[in-house]
DNA sequence: ATGAAAGCGCTAACAT
DNA sequence: ATGTTAGCGCTTTCAT
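Protein chains in written order, with the numbering used here: chain A, 66 to 419; chain B, 66 to 419.
This is how it looks when you write it as structure tokens:
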């Protein structure tokens, strides 16, 4: 139907919600007084008035109109979260952490889905600016440079008017103007390196990597880190199959790898658990076994990883905490990132080689 | 210092974002004209003016201030979604569906977490009303009556001013005023009943149920439906262990059941996959095997269910679609629910008994 | 077709 | 301590 949206309902017989005016009148005080007791900053109103206002508000079922407050104040109590896919457990955990923090501060979080489409992301970014949110959290992993240009411009605009931007992933491009962007850095390279070392120690010598397209930082860092650590122990990364972050992508990449032939005792490293889980299903679908035959490990430690059999070896990342920190990075002025400990968790999918 | 805004940042050197005024001035037209071309309803402005305004907007990087539009229009372009826990895949899928729809209509979705705490839910509901959202989607499963009173009042208030409320689950309490609430009904009882029948046909005769507290509709419906169908085939539900919707709760309930003793070939029905997954891990932790020894089935078919080994038998619910429908229920005036087909999916966790 | 001006509900100087 | 009164940025009659 038509844009701009005529009100949802009939529009005529809608009893307007009680306004501050209504409350003030009902309580027999001025608008200002009502505002002060209901929303203003603490002590200032005499007990008698205060009580009358409160009673009136209660009686009328008054709720402050957030939009009006926002236009008057110049900023709204919202934190905008950008994720690639909210159904993905990785983002789900992060979102939960952000929501937890926002809630403590009475802020509301809006969430937008980029579907990993850079163009879409830019559109969203622009629209989001219109919300004049307190802050913006970019959790959607992107290829940093591909579209850095226009996104960067959008972000700058964002900060220019006072909004705070925090991004997941690595430090922003080399001083290209994103100076104000705070980043939640997860030690992808370090965790993966340690994982590689541990896998080599377990006896593995040959690995296949499954990652996203080149240029996607998270993927690259994990793949490189793993390769480095694995090499330290004498292992070599034979080949890398690329796709994206979806489970099906992991399954497809693994199927392709299997097609080319995969020797027993080979280790498959999926750049994320979701992808590794997909790979596991492809291995089974091909009639091979996960573990003794083909070993698999991932990264993130989403909850499903502990449920599969054999359970998935991975690197635990405190995602919920990371989300919470992203929130703090927005509201705390002197924020400095607290380290997010990543930890290798060895499970059944990578049995020790005799 | 400037009025109306001690903004989050330094406050002094913040270049205000371009306003409609700025654009109008820059384009040499009136505020009204600028408004019309930038946001107003279609054709009305002469091509020449229209172009100048567009160019000016572009040059200034203008983005409409959503809050201001909302106060002027009387309603904001937001859909508020209430879930118990966004990290739970059940809600994650629903949220994805809602987001998909909202996005198509240029609406933003805000999400709030109830943590399954009724009191918290009421607080949130009240705050949400202040956002004057277009609609409200209640996906957090609640015990319908426990706190129906105050929640109901809140919802009524919500609708009174023109907001649409849609709830997941069953028809609202018996005509208690929730008349306007649209519901997305998922055939929990029917799906569970069919599942029970199928399980009996597989040869199972004795089952243990794991559910939430009595009074929680979703749980009750599934448990009852299953029991009914299972009985049809000659099976009996021996006992029910209660907890909540969390994975750990499922594990605890299962541990308790194991403590009391569980005969081989018993079937465990978890009211949700997440709970069933928790039960599976408890079974393994106790040194028993899932499948041939103790069979397990769940409900929802979240993605992890297909990944575990043995894969979990369950009832597939089109959650993403359900979320999308919830969205449609808010924006479509003559909305009527399209059926959401549930389907039993038998997998390895419930092998046929010889 | 365009512009002037009156709100929308609320906040925050600025008086008193 | 309370009330007055400008705004906030935008939409929308109502004239012209």
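Virtual Cβ for every residue (Gly too), placed ideally from N, Cα, C.
Excluding the 5 residues flanking it on each side, residue 249 (chain A) has same chain C-beta neighbours closer than 6 Å at 233, 387, 390 and 391, in chain order.
With 16 or more neighbouring CB atoms inside 10 Å of its own CB, residue 306 (chain B) falls in the buried class. In the DSSP assignment, residue 308 (chain A) forms a beta bridge with A:277.
Identification of chain A residues near residue 194 (chain B) by a Cβ-Cβ cut-off of 7 Å yields 128, ordered along the chain. When Cβ-Cβ separations below 7 Å define contact, residue 331 (chain A) makes no contact with chain B. At a cut-off of 7 Å, the C-beta of residue 361 (chain B) has no neighbouring C-beta in chain A.
Across the set B:130, B:139 and B:138, the C-alpha of B:130 shows the shortest separation from the C-alpha of residue 138 (chain A).
For residue 370 (chain B), the uninterrupted alpha helix (DSSP H) run begins and ends at 369 to 372, by DSSP. For residue 300 (chain A), same chain residues with a beta-carbon under 8 Å away, outside a window of 5 residues either side, are 261, 264, 265, 269, 270, 271, 272 and 332 in chain order. For residue 154 (chain B), the residues of chain A that pass the 9 Å Cβ criterion are 152, 154, 157, 368 and 369, in the order they occur in the chain. Between residue 164 (chain A) and residue 189 (chain B), the C-beta spacing is not below 7 Å. Contact between residue 329 (chain B) and residue 309 (chain B) is absent: CB atoms are separated by about 28 Å, not below the 8 Å threshold.
Assigned with DSSP and collapsed to three states, residue 364 (chain B) falls in coil, not helix or strand.
By the Cβ rule, the segment 144 to 157 of chain A does not count as touching the segment 283 to 293 of chain A, because fewer than three pairs are nearer than 8 Å. Look at residue 182 (chain B): its C-beta is not under 7 Å from any C-beta on chain A. Proximity of residue 160 (chain A) to chain B, defined by a Cβ-Cβ separation below 7 Å, is satisfied. Any Cβ of chain A closer than 7 Å to the Cβ of residue 383 (chain B) would place that residue at the interface, and such an atom is absent.
The alpha carbon of residue 184 (chain A) has as its nearest neighbour, out of A:399, A:205 and A:404, the alpha carbon of A:205. For residue 102 (chain B), the closest C-alpha among the options B:91, B:83, B:87 and B:122 is that of B:122. Among the residues facing chain A, residue 98 (chain B) is not included, as its CB has no counterpart in that chain under 7 Å away. For the set A:196, A:256 and A:370, the Cα lying nearest the Cα of residue 228 (chain A) is the one of A:196. At a cut-off of 7 Å between beta carbons, residue 389 (chain B) makes no contact with chain A.
Against chain B, the CB of residue 338 (chain A) has no partner CB under 7 Å away; the residue lies outside that interface. Taking the Cα positions, residue 412 (chain B) is about 15 Å away from residue 337 (chain B).
Contact annotation: in the segment 301 to 319 of chain A, residues whose CB is within less than 9 Å of a CB in chain B are 312. The DSSP-derived three-state label of residue 145 (chain A) is strand.
Partner residues in the beta bridge of residue 331 (chain B), as assigned by DSSP, are B:359.
Around the beta carbon of residue 100 (chain A), a 10 Å sphere encloses 16 or more other beta carbons of the protein chains shown; the residue is thus reported as buried. Taken in chain order, the whole beta strand (DSSP E) runs of length 3 or more contained in the segment 105 to 159 of chain B are 143 to 148. According to the DSSP secondary-structure assignment, residue 232 (chain A) is paired through a beta bridge with A:203 and A:248. According to DSSP, residue pairing for residue 408 (chain B) in a beta bridge involves B:381.
With 16 or more other Cβ atoms from the protein chains shown falling within 10 Å of its own Cβ, residue 134 (chain B) counts as buried.
For the 7 Å CB-CB criterion, residue 352 (chain A) and residue 414 (chain A) do not form a contact. Annotation for residue 348 (chain B): the continuous alpha helix (DSSP H) segment containing it runs 338 to 350. Secondary-structure assignment with DSSP links residue 178 (chain A) through a beta bridge to A:148.
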